[in-house]
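Following: one structure in structure tokens, then a few remarks.
Protein chains in written order, with the working numbering: chain R, 2 to 97; chain L, 6 to 271.
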């Protein structure tokens with residue numbers, strides 16, 4: 002995971018995510034689209050073997066970097082929740 | 006988010022996750038497949054091989070043996086202090102020395118002896134090569150950590166799949182109790198209970214919709230529950246199945262963390 006900034010305006014952000022395929026960009030896209038101020042969120046992988054995903058966010062009213070930060074924090078919280086609940090249910094299951 | 010363990014054994018774990026998005030389920034699946042480090046033989050030194058099998062094929066077969074992995078005591082070669090040259094922190098040596106007597110002998114994965122008791126073939130039952138009388142093999146193999154994106158032999162998982170949670174419902178008004186759906190269902194989900202069709206073990210349903218096609222009055226409907234997924238994670242034996250899921254979540258978290266640092270730097 003090596004993000005590289007391509008373009009950064011107040012309401013539009015474009016960056017390349019090195020070393021990623023679909024797993025991370027798709028999760029980020031879906032999480033961003035939950036937010037109302039996101040006008041557009043998407044990524045493109047120009048060539049499946051040779052290129053990295055290029056992610057674009059366009060927002061209205063709110064600045065795109067804060068929107069991106071919020072979305073990533075949401076993803077982090079959810080993954081942590083998943084890990085904790087999974088560990089808990091494994092522990093509960095082995096007791097039974 | 007709700008997680009229910011449906012089945013757990015030494016090799017596999019089936020669990021139900023409710024309240025997550027498809028993209029999360031898929032990110033988790035892809036992480037388990039391609040990002041988890043596991044041990045596999047990567048370099049083979051063939052000192053002697055008088056069997057009929059070519060050295061290359063034997064090396065390929067050795068590479069595909071799942072090895073029990075200790076993630077704590079080994080580094081990925083690219084993260085190791087030796088810069089990937091191979092040292093005791095990123096490499097483990099296994100040796101294989103078998104000679105057939107007057108009878109022919111099958112060499113199994115259990116014949117491999119490892120310098121580290123924590124790194125061993127996950128199962129001893131894998132046949133490697135058959136030796137005719139008096140043939141012999143002497144091999145030194147070097148195992149290292151790697152990830153599934155590099156080569157599929159490093160995958161610690163055999164199957165990682167998720168499916169939607171099936172909802173099978175029978176409309177009693179339309180149903181004429183012909184029982185055709187019971188016959189056609191490959192998973193025995195439907196059963197004829199006296200005069201009514203009832204359902205059992207609906208989680209086993211493969212959503213093949215054979216019953217819907219067979220049912221002429223259209224009394225059966227098969228739908229899937231939104232945002233709920235049934236995961237099936239089967240380990241090759243490299244890591245315990247629950248450790249696979251936990252480590253995958255941890256790796257996903259690390260990657261989100263890197264992205265978050267990037268977002269904070271904007």
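For every residue, glycine included, the Cβ atom is placed at its ideal position computed from N, Cα and C.
If you're wondering where the values come from, they're calculated on a predicted model, not measured in any experiment.
Identify each residue in the stretch 223-250 of chain L for which the Cβ-Cβ distance to at least one residue of chain R is less than 8 angstroms, and report them in chain order.
So the close ones are 247 and 250.
Would you list the one or two residues that DSSP bridges to residue 12 of chain L?
Along the second chain, one-based indexing puts residue 12 of chain L at 7. Answer is L:19.
Cβ of residue 17 of chain L less than 9 angstroms from any chain R Cβ?
For the purposes of this step, residue 17 of chain L is identified with residue 12 of the second chain, where counting begins at 1. So, not an interface residue.
Kindly list, in the order they appear in chain L, the residues whose Cβ is closer than 9 angstroms to that of residue 80 of chain R.
For this step, residue 80 of chain R is matched to residue 79 along the first chain. Simply 29, 32, 33, 254, 255, 257, 258 and 261.
Between residue 73 of chain R and chain L, is the shortest Cβ-Cβ distance under 9 angstroms, so that the two count as touching?
For the purposes of this step, residue 73 of chain R is identified with residue 72 of the first chain, where counting begins at 1. It does; some Cβ of chain L falls within 9 angstroms.
Three or more C-beta pairs closer than 8 angstroms, one from the stretch 150-168 of chain L and one from the stretch 243-259 of chain L: is that the case here?
With the cut-off at 8 angstroms, the stretch 150-168 of chain L and the stretch 243-259 of chain L touch.
Use the C-beta contact count for residue 32 of chain R: other C-beta atoms within 10 angstroms, 16 or more gives buried, fewer gives exposed.
By 1-based counting over the first chain, the position of residue 32 of chain R is 31. With 16 or more Cβ atoms within 10 Å of its Cβ, residue 32 of chain R is classed as buried.
Would you mind stating whether residue 167 of chain L and residue 258 of chain L have Cβ atoms separated by less than 9 angstroms?
On the second chain, position 162 is the one that residue 167 of chain L refers to. On the second chain, position 253 is the one that residue 258 of chain L refers to. It is not a contact, given that the beta carbons lie outside the stated cut-off.
Where residue 34 of chain R and residue 202 of chain L are concerned, what is the direct C-alpha to C-alpha distance, given to the nearest angstrom?
Residue numbering aside, residue 34 of chain R sits at position 33 when the first chain is read from its first letter. Residue numbering aside, residue 202 of chain L sits at position 197 when the second chain is read from its first letter. Spanning the two alpha carbons is a distance of roughly 43 angstroms.
What residues from chain L crowd round residue 23 of chain R, counting only those whose CB sits closer than 8 angstroms?
For the purposes of this step, residue 23 of chain R is taken as the residue at position 22 of the first chain. Near residue 23 of chain R (Cβ distances below 8 angstroms), the residues of chain L are 31 and 35.
Under 9 angstroms between C-beta atoms, does residue 156 of chain L make it to chain R?
Here the question's residue 156 of chain L lines up with position 151 in the second chain. No, because no Cβ of chain R sits closer than 9 angstroms to the Cβ of residue 156 of chain L.
Taking only three categories from DSSP, how would you classify residue 82 of chain L?
Here residue 82 of chain L refers to the residue found at position 77 when the second chain is read from its first residue. Residue 82 of chain L falls in the helix class under three-state DSSP.
Contact criterion: CB-CB distance below 9 angstroms. Does residue 162 of chain L meet it with respect to chain R?
For this step, residue 162 of chain L is matched to residue 157 along the second chain. By this cut-off, residue 162 of chain L is not an interface position.
Counting Cβ pairs closer than 8 angstroms, one from the stretch 46-65 of chain L and one from the stretch 138-149 of chain L, do we hit at least three?
Touching, per the Cβ criterion.
Looking at residue 89 of chain R and residue 11 of chain L, is the spacing between their C-beta atoms short of 9 angstroms?
Sequence index remark: in the second chain, residue 11 of chain L carries index 6 (1-based). Sequence index remark: in the first chain, residue 89 of chain R carries index 88 (1-based). Their beta carbons are not under 9 angstroms apart, which means residue 11 of chain L does not touch residue 89 of chain R by this criterion.
For residue 245 of chain L and residue 61 of chain R, what's the separation of their Cα atoms in angstroms?
The residue labelled residue 245 of chain L in the question sits at position 240 within the second chain. The residue labelled residue 61 of chain R in the question sits at position 60 within the first chain. So the two alpha carbons sit approximately 47 angstroms from each other.
Please say whether residue 254 of chain L and residue 25 of chain R have beta carbons closer to each other than 9 angstroms?
Here residue 25 of chain R is taken as the residue at index 24 of the first chain, counted from 1. Here residue 254 of chain L is taken as the residue at index 249 of the second chain, counted from 1. No, these two residues do not count as a Cβ contact at 9 angstroms.
Going by DSSP, what residue range makes up the beta strand (DSSP E) through residue 94 of chain R?
Translated into positions along the first chain, residue 94 of chain R becomes position 93. It is not in any beta strand (DSSP E) - residue 94 of chain R instead sits in the alpha helix (DSSP H) that spans 65-96.
Looking only at its own chain, which residues have a Cβ that is under 7 angstroms from the Cβ of residue 109 of chain L, when we skip the five neighbours before and after it?
For the purposes of this step, residue 109 of chain L is identified with residue 104 of the second chain, where counting begins at 1. If we look at residue 109 of chain L and ignore the five residues flanking it on each side, its Cβ neighbours are 135, 136, 137 and 138.
Report the neighbours of residue 10 of chain R on chain L: residues whose CB is nearer than 7 angstroms to its CB, in chain order.
As a first step, residue 10 of chain R must be located in the first chain, where it is residue number 9. By Cβ distance, chain L contributes nothing, its closest Cβ being about 11 angstroms from residue 10 of chain R, past 7 angstroms.
Are the stretch 62-78 of chain L and the stretch 185-193 of chain L in contact at 8 angstroms, needing three or more beta carbon pairs?
Cβ pair count under 8 angstroms is below three, so no.
What did DSSP end up calling residue 58 of chain L once you bin it into helix, strand or coil?
Locating residue 58 of chain L in the second chain gives position 53, counting from the first residue. Three-state result, residue 58 of chain L: coil.
From the DSSP output, read off the bridge partner residues of residue 267 of chain L.
In the second chain, residue 267 of chain L corresponds to position 262, counting from 1. Partner(s): none; residue 267 of chain L has no beta bridge.
So, for residue 176 of chain L: in the same chain, excluding its five sequence neighbours on each side, which residues have a beta-carbon less than 6 angstroms away from its beta-carbon?
By 1-based counting over the second chain, the position of residue 176 of chain L is 171. The residues are 224.
What does DSSP give as the partner residue(s) for residue 44 of chain L in the beta ladder?
As a position in the second chain, residue 44 of chain L is number 39, starting the count at 1. Its beta-bridge partners are L:150.
For residue 53 of chain R, go through chain L and note every residue whose CB falls closer than 8 angstroms to its CB, in chain order.
Here the question's residue 53 of chain R lines up with position 52 in the first chain. Within 8 angstroms Cβ-Cβ: nothing; residue 53 of chain R doesn't reach chain L, min ~13 angstroms.
Can you tell me the Cα-Cα spacing of residue 209 of chain L and residue 190 of chain L, whole angstroms?
As a position in the second chain, residue 209 of chain L is number 204, starting the count at 1. As a position in the second chain, residue 190 of chain L is number 185, starting the count at 1. About 11 angstroms.
Determine contact between the stretch 209-218 of chain L and the stretch 35-49 of chain R, defined as no fewer than three beta-carbon pairs at a distance below 8 angstroms.
No, the stretch 209-218 of chain L is not in contact with the stretch 35-49 of chain R.
Which bits of chain L does residue 59 of chain R rub up against, with CB to CB less than 9 angstroms?
Locating residue 59 of chain R in the first chain gives position 58, counting from the first residue. Result: empty, since nearest Cβ-Cβ is about 15 angstroms, beyond 9 angstroms.
Apart from the five residues just before and just after residue 43 of chain L, which ones in its own chain have a Cβ nearer than 6 angstroms to its Cβ?
The sequence position of residue 43 of chain L within the second chain is 38, counting from 1. 74, 159, 161 and 243, listed in sequence order.
Apply the 10 Å Cβ neighbour rule to residue 122 of chain L and answer buried if 16 or more other Cβ atoms are within range, or exposed otherwise.
Within the second chain, the letter at position 117 stands for residue 122 of chain L. Per the 10 Å Cβ criterion, exposed.
Give the list of continuous beta strand (DSSP E) stretches no shorter than 3 residues that lie fully inside the stretch 105-169 of chain L.
Runs found: 110-113, 132-136 and 141-152.
Only counting the same chain, and skipping five residues up and downstream in sequence, which positions put a Cβ closer than 6 angstroms to that of residue 1 of chain R?
Only positions 2 to 97 of chain R appear in this structure, which leaves residue 1 of chain R out of reach.
At a CB-CB cut-off below 8 angstroms, which residues of chain R make contact with residue 9 of chain L?
Here the question's residue 9 of chain L lines up with position 4 in the second chain. What residue 9 of chain L touches in chain R: 90.
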